[in-house]
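Take a look at the structure set out below.
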Amino acid sequence: QDLKWLKPKLAQKQQSFVRQTHISFVPGMWQLSLLLAVPLCTGMRPKEVEEEVLDQSTTEPFKVLVFSDVHGTCTTIPGGWAEGKGIVSYADHMRNFAASTVGKAIEKSSAHLLIFGGDASTIPKEVACTEENLNELKEFVKWFAAVQPDKPKLFIGGNHDVCLDDTMTRSDTKLDAERVALIAEMRTKNIIFIGAAGWVKFKVGDKDFKIILSSISEGRGPGAEKKTVEECGLTGKEPKEFTVQQLKDAKCAPNALVGAFQYCPTASFASYVDCDTVYQKTTDMLEEASGKLGGEADLAVIHGPPDNLGFAFGPPNNEPNAMARALMKPLLEKKGKMRAGHYHLEADWKGKTTHQTLECKTTDCDGQVELKFVPVKQRRPEECETEIDDQHTPKEDDFTEYQVEQGFKLDVGQMEYGNVRNQLTTELLKKFVWDGPTFNTPSENMKYTVQEKKTSTGAIQVFVPCVVSNTC
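Going letter by letter, the sequence shown gives residues 432 to 903 in the numbering used here.
So, in structure tokens, the structure goes:
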């Protein structure tokens, strides 16, 4: 009577044993007698025997490792980037990274699926696709492909990975062809690339595991994004051309151009770019990717947190806007998780912690989603580092509702995936080559002019680079 619970356990063990040994095995009375003797000989109660049987289970949770922000060419001298001092080549940087504690942890990961969350390179000062950026991406792909080469891997871009953004390579036929070739090469090495937005689906056991992926992140509105010409006190000034220094003196310093796969926030009302439209198109891409998965997902990996939630200087985590809700809703359907990169520094995270709780309370989005930052870099992108602290060391995520046999291998050939068309076009964002000296600072020789912009409350005067307006 006490051993009724044992019958299904024996059957399970028998099936497992037969699968592993390929021989017939039928438990007889001597096995039952032995099990009857266990409580008598050891003092264990039947419940404890059951726990012993369970401890020998041959299954484990499906595991995913997500990490981001390896970056590339760097300097060993603080502040040396603009002057070109202490520069370490990308090849040397990747060798150092591979030999680091973090690099080794990734190479030895027991995860069934590896996902890179963007920023494999360091953005050129021009904020444009260059041979240097392309070579950095190639070096990273070479390393990533060699990490447990039989395992499937997913790869999204980041704002630094300009040569993966089709809108930034389209004007150069040679570079665009190299971008296409690099993505095709990834696919031959078990790496699936997802650009602005996309989706991946595959079977784990008899259930579909669903992932939404996106290379997007929030950038700045190009130009003096939050101050009009009138607010800067420069209305009516002649000539209507201003140097960077003049704008700085008027406390209207222009922002850097947005990088790859970036949208500008709607608060950038004084930017010469229509950030409302850019934001809506970004939201549309995430909703389309969600729709391809039936409006539900187990995991979302995005380069930068949507709406900058979780960012120390972003909005409250319980005030998601349309874009964040578009990513949270499918996760709420399956109690899924969100992983993001982009922000490295501990000071950039709310509460100085990688773990954040996002919450929405609307009729179509009600619940909480766990967000975790996963960058492996802890300093600025252009600064070299050799060892990483525990917060920046990647750790596997267990999906306990998906149990697999030990030794389970995911087959990249069985994965369904798709890319959503990138709607963040050059024409929409008015992208142009940013004239250094670094990717964060415009050249002092750069000039701005004045342009009228129509808004819902009327026309305003905004600053626009001469290279965009063609009126200087």
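We put the CB at the ideal spot given by N, CA and C, even for glycine.
Nearest to residue i (by Cα), restricted to the options the options
i	options	result
glutamate 563	Trp630, Gln579 and Ser520	Ser520
leucine 644	Cys505, Ile587 and Glu764	Ile587
glutamate 858	Ala530, Ala755, Thr708 and Leu763	Thr708
phenylalanine 498	Trp512, Thr490, Lys569 and Ala542	Ala542
serine 602	Tyr879, Lys862, Ala890 and Leu776	Lys862
tyrosine 879	Val843, Gly636, Trp512 and Gln677	Gln677
proline 868	Lys634, Glu514, Cys505 and Ser552	Glu514
aspartate 592	Leu565, Glu570 and Thr532	Leu565
glutamate 883	Phe894, Val807, Met877 and Arg770	Phe894
aspartate 729	Gly652, Ser900 and Glu801	Glu801
aspartate 779	Val805, Met759 and Ala743	Ala743
threonine 598	Leu860, Ala731, Ser900 and Asn876	Leu860
glutamate 836	Lys605, His524, Arg770 and Val635	Val635
histidine 775	Leu789, Ala530 and Lys803	Lys803
methionine 525	Thr507, Trp512 and Val501	Val501
glutamate 790	Val851, Asp738, Gln809 and Tyr833	Asp738
Paired residues, beta bridge with residue i - DSSP
i	result
asparagine 686	Gly654
methionine 769	Ala731 and Leu802
isoleucine 643	Trp630 and Ala731
valine 497	Ile546
glutamate 814	Thr506
glutamate 567	In the DSSP output, where bridge partners are listed per residue, glutamate 567 has none listed.
glutamate 672	Thr880
Residue interval of the alpha helix (DSSP H) (run including residue i)
i	result
isoleucine 508	Isoleucine 508 -> no alpha helix (DSSP H), and no H or E assigned at all.
lysine 679	675–680
leucine 859	857–860
Endpoints, the beta strand (DSSP E) within which residue i is located
i	result
threonine 489	Premise fails: threonine 489 is in no beta strand (DSSP E) and is neither H nor E.
cysteine 791	786–793
threonine 428	Within the shown structure, residues of the chain are numbered from 432 to 903, placing residue 428 beyond reach of any answer.
serine 602	Element bounds for serine 602: n/a, residue is neither H nor E.
valine 898	Here valine 898 belongs to no beta strand (DSSP E); instead the alpha helix (DSSP H) covers 897–900.
threonine 831	828–836
isoleucine 623	622–625
phenylalanine 586	584–587
Secondary structure of residue i, DSSP reduced to three states
i	result
tyrosine 710	helix
serine 531	coil
serine 648	strand
proline 747	coil
cysteine 796	strand
aspartate 715	helix
tryptophan 574	helix
glutamine 845	helix
asparagine 739	helix
threonine 598	helix
isoleucine 554	coil
valine 893	strand
threonine 666	coil
valine 611	helix
lysine 516	coil
valine 864	coil
valine 469	Caution applies to valine 469, whose pLDDT of 48 falls short of 50 and renders its modelled position unreliable; the value that the coordinates give is listed next. Reduced to three states, the DSSP call for valine 469 is helix.
valine 660	coil
asparagine 752	coil
valine 593	helix
cysteine 903	coil
threonine 619	helix
glutamine 809	coil
tyrosine 694	strand
leucine 781	As written in the sequence, residue 781 is lysine, which differs from the leucine given in the question. Lysine 781: helix per DSSP, three-state reduction.
lysine 840	coil
isoleucine 819	coil
lysine 539	coil
So does the segment 543–550 actually touch the segment 582–602, counting three or more Cβ pairs closer than 8 Å? yes
Between the segment 752–762 and the segment 681–688, are three or more C-beta pairs nearer than 8 Å? no
Taking contact to mean at least 3 C-beta pairs separated by less than 8 Å, is the segment 822–832 in contact with the segment 533–542? Touching, yes, given that three or more Cβ pairs across the two stretches are closer than 8 Å.
Do the segment 790–808 and the segment 760–770 meet, that is, are 3 or more Cβ pairs less than 8 Å apart? yes
Count the C-beta pairs between the segment 695–713 and the segment 656–664 that are closer than 8 Å, then say yes if the count reaches three, no if not. Enough Cβ pairs lie closer than 8 Å, so yes.
Does the count of Cβ pairs from the segment 669–679 and the segment 711–721 closer than 8 Å reach three? no
Would you check if the segment 563–579 and the segment 610–623 touch, i.e. whether three or more CB-CB distances between them fall below 8 Å? yes
Contact between the segment 840–855 and the segment 509–524 is defined here as three or more beta-carbon pairs at a separation below 8 Å; is this criterion met? no
I'd like to know if the segment 491–508 and the segment 778–793 are in contact, where contact means that at least 3 CB-CB pairs between them fall below 8 Å. no
Examine the Cβ distances between the segment 604–612 and the segment 813–822 and report whether three or more of them are shorter than 8 Å. Result no; under three Cβ-Cβ pairs closer than 8 Å.
Assess contact between the segment 626–634 and the segment 719–726, defined as three or more Cβ pairs (one per stretch) separated by less than 8 Å. Is contact present? A contact exists between the segment 626–634 and the segment 719–726.
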